[in-house]
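In the working numbering, the protein residues as written are 207 to 944.
One structure is given here, and the rest of the page talks about it.
Structure, rendered in structure tokens:
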């Protein structure tokens, strides 16, 4: 019965996480399968006696029903009632506002809508700082929109607003406890900003309190390409390091109940400092259960703690909370460590004659050095060899944990992000102890800075911390720049790999004799299919040059695939079309290498959509009103030429505040027109391209000549100069440009 809670909790969480990304029909099918299996497992005597299998089937059924109930009784009625209509809203700023590119995002808790009491969460996007702090009450009129960002939906932000009019701003007369913890977070952050260079302070803030928004896009991309993004997300490792340090300090109290109370308070405070993110809640719940069990002198079983966290988090956040990507990766990384880290270490680690893993204890090491110095005796060769083995085990333990994590997280990352890093094992070994050191030093510097008499200690600590950050950033950027360190995966290759892997493992499981050997062969076959698909994908993309135009009811969303890198060069479409196109790009390419924005409004729309959900490496922007210093954004001018890749050149022309783009791609030429365009805006030399991409027809358009015309919308048009017309409403279009 020891594993029952673990299996139920893990099953419940897993099904909820999958259901978050499925349609209602697929969830109903999944629920039907779970119901049938529940009945069968309860009827069959062999499975009924074990109780584990029926319990897991019932947990899956309950998870499906919970998701459907939450969707149809809470989420959809909320959206249908308030979305797409102008309302007068009273809402309290519920958390610290943060800057996301050119906008400030205000998390809010609604109190009333049109004078009627209401309770739901809302995100307000503002181009300027409203001067509102947590617990302040804002009254504003606005039209609410449905939230498309899955990250925010998993945190119960189902509605957002970016066009509003503030009518009243009431400062809070009294503040909640969480407000004071937010102020403490600001103090810790400001201490790091004062003591460290900007790039080092940003890294420390991400590692210590999970504030990734301070990191620039190049650094975030480098961590992603190096397979080390989990180091800048507060999760179990951070809790183990910090709580382990606090536990060591509290042992001197020699009172386990007082130590437990102080430890619990510290864990809750640290969870609040990091914003109660779902991955933080998972780590905090497991740590609280472990410490409580230890104080009660009860035997603890970590998989049960993980199962309990899997059951509690959807209730604390919401059933949609299981769909948070950070939580999913953190949950299964922890499960993999609990299951496989120790067995892998036993395989690769050095052992003593009794078969136990040799451990390196710094205190014993330095004590031996002191005693040997006094006795003036040298280490015998056998002792030197033992120390070398212990040093190897330090790295072997990190390697074992990383290998265990990748067994589950690697395929999950490929499914979620449609990409993978070939250097993730190397980055984990090289970075783990540096990140460990940065975490401890960041906490020390941030705290000591505000302790007047001890502030002088921050000078040497900050110098050491700066050096550590520079080394980490250098390692990450070096690994990210290695050839083929980061490889995107197309969805079709991914589907082939998943199906073949499922067939391999199903056949291995059905093999009654030598099942373990068959499972090893299945794993090897799955790896070979994956490697073959990745290599094939890379080779086939080397010479790719394809125009892709996405389905749209009106307008144009189009770009060019050049060697597996996608350049989105026309965003003259609705928000819904743009969001759906970005999703397709994420599935096929892992994101966009570059996006051309004709004005700042389009840029803000893209940033609102992306907000760490879509990988966008850079922008080309024409807008004189944009003054921010963002290294990702390159300015577009009159007759500016950009070499995007081999056989791909972009030249931009300005047309009434919009960008007219002319492409030379392989053997073809393309003209991408903006919505507001006239014949006089198009230079004479550009009026005879091979392909014209036009959001809507305009007067004099029949004077242009081309082989293919791609037109936004679905209404049939009669344009005598064009014999080959394609409409975006008919579906996605693809042209080979070589």
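Glycine included, C-beta positions come from ideal geometry on N, C-alpha and C.
{"query": "Residue 349 by DSSP, collapsed to three states: which one?", "result": "strand"}
{"query": "Pick out whichever of 491, 669 and 375 has its Cα sitting closest to the Cα of residue 521.", "result": "491"}
{"query": "Can the beta-carbon of residue 754 be found closer than 8 Å to that of residue 764?", "result": "yes"}
{"query": "My understanding is that residue 222 touches residue 525, with C-beta atoms under 8 Å, so please give their C-beta distance in whole angstroms.", "result": "6 Å"}
{"query": "Do the segment 391-410 and the segment 308-322 make contact, defined as three or more Cβ pairs closer than 8 Å?", "result": "no"}
{"query": "Are three or more beta carbon pairs between the segment 228-241 and the segment 262-282 nearer than 8 Å?", "result": "yes"}
{"query": "Give me the Cβ distance between residue 409 and residue 678, rounded to the nearest whole Å; I'm assuming they're in contact under 8 Å.", "result": "7 Å"}
{"query": "Could you pull out every unbroken alpha helix (DSSP H) segment of at least 4 residues lying fully inside the segment 291-377, listed in chain order?", "result": "356-359"}
{"query": "Compare the C-alpha of residue 783 against each of 882, 797, 762 and 450 and name the closest.", "result": "762"}
{"query": "Does the segment 504-518 touch the segment 454-472, meaning 3 or more C-beta pairs lie closer than 8 Å?", "result": "no"}
{"query": "From the DSSP output, which residues share a beta bridge with residue 765?", "result": "754 and 774"}
{"query": "According to DSSP, is residue 912 part of a helix, a strand, or is it coil?", "result": "coil"}
{"query": "Give every residue of the same chain whose Cβ lies closer than 6 Å to the Cβ of residue 303, excluding the five residues on either side of it in the sequence, and list them in chain order.", "result": "310 and 312"}
{"query": "Would you check if the distance between the CB atom of residue 367 and the CB atom of residue 351 is smaller than 8 Å?", "result": "yes"}
{"query": "What residues in its chain sit with their C-beta under 6 Å from that of residue 265, if we drop five residues either side in the sequence?", "result": "214, 217 and 218"}
{"query": "Measuring CB to CB, does residue 706 end up less than 8 Å from residue 745?", "result": "no"}
{"query": "With residue 417 and residue 385 assumed to form a contact (beta carbons below 8 Å), what rounded beta-carbon distance in angstroms separates them?", "result": "Not confirmed; about 18 Å, so no contact."}
{"query": "If residue 166 sits next to residue 494, beta carbons under 8 Å apart, how far is it from one beta carbon to the other, in whole angstroms?", "result": "With the chain running from 207 to 944 in the structure shown, residue 166 is simply not present."}
{"query": "Check whether chain B comes within 8 Å of residue 646, counting only Cβ atoms and requiring the distance to be less than that.", "result": "Note that chain B does not occur in the displayed structure, where there is just one protein chain."}
{"query": "Mind pulling the alpha helix (DSSP H) runs of 4 or more residues that sit fully within the segment 495-525?", "result": "508-522"}
{"query": "Helix, strand or coil for residue 401, going by three-state DSSP, please let me know.", "result": "helix"}
{"query": "Taking contact to mean 3 or more Cβ pairs, one atom from each stretch, closer than 8 Å, check whether the segment 661-677 and the segment 686-701 are in contact.", "result": "no"}
{"query": "Using three-state DSSP, classify residue 695 as helix, strand or coil.", "result": "coil"}
{"query": "Per DSSP, residue 627 forms a beta bridge with which residues?", "result": "692"}
{"query": "So for residue 848, helix, strand or coil by DSSP?", "result": "strand"}
{"query": "Assuming residue 470 and residue 497 are in contact, meaning their beta carbons sit under 8 Å apart, how far apart are those beta carbons, in whole angstroms?", "result": "7 Å"}
{"query": "Under DSSP, the beta strand (DSSP E) around residue 940 begins and ends at which residues?", "result": "939-942"}
{"query": "Between which two residues does the beta strand (DSSP E) harbouring residue 436 extend?", "result": "No beta strand (DSSP E) contains residue 436, which DSSP labels as neither H nor E."}
{"query": "Can you tell me the Cα-Cα spacing of residue 751 and residue 262, whole angstroms?", "result": "48 Å"}
{"query": "Along the beta strand (DSSP E) that carries residue 875, what are the first and last residues, could you check?", "result": "874-878"}
{"query": "Ends of the alpha helix (DSSP H) at residue 825?", "result": "Looking at the DSSP string, residue 825 is not in any alpha helix (DSSP H); the run it does join, the beta strand (DSSP E), is 825-827."}
{"query": "Can you tell me whether residue 818 is helix, strand or coil according to DSSP?", "result": "Because the pLDDT at residue 818 is just 47, under 50, the model does not fix this residue reliably, and the value given afterwards should be weighed accordingly. Three-state DSSP puts residue 818 in coil, outside helix and strand."}
{"query": "May I have the straight-line CA-CA distance separating residue 279 from residue 243, to the nearest angstrom?", "result": "27 Å"}
{"query": "Should residue 165 go down as buried or exposed, given a rule of 16 or more other Cβ atoms within 10 Å for buried?", "result": "Residue 165 is absent from the model: the chain starts at 207 and stops at 944."}
{"query": "Relative to the C-alpha of residue 360, which residue among 717, 534 and 240 is closest?", "result": "534"}
{"query": "Indicate the three-state DSSP secondary structure (helix, strand or coil) for residue 557 in the structure shown.", "result": "strand"}
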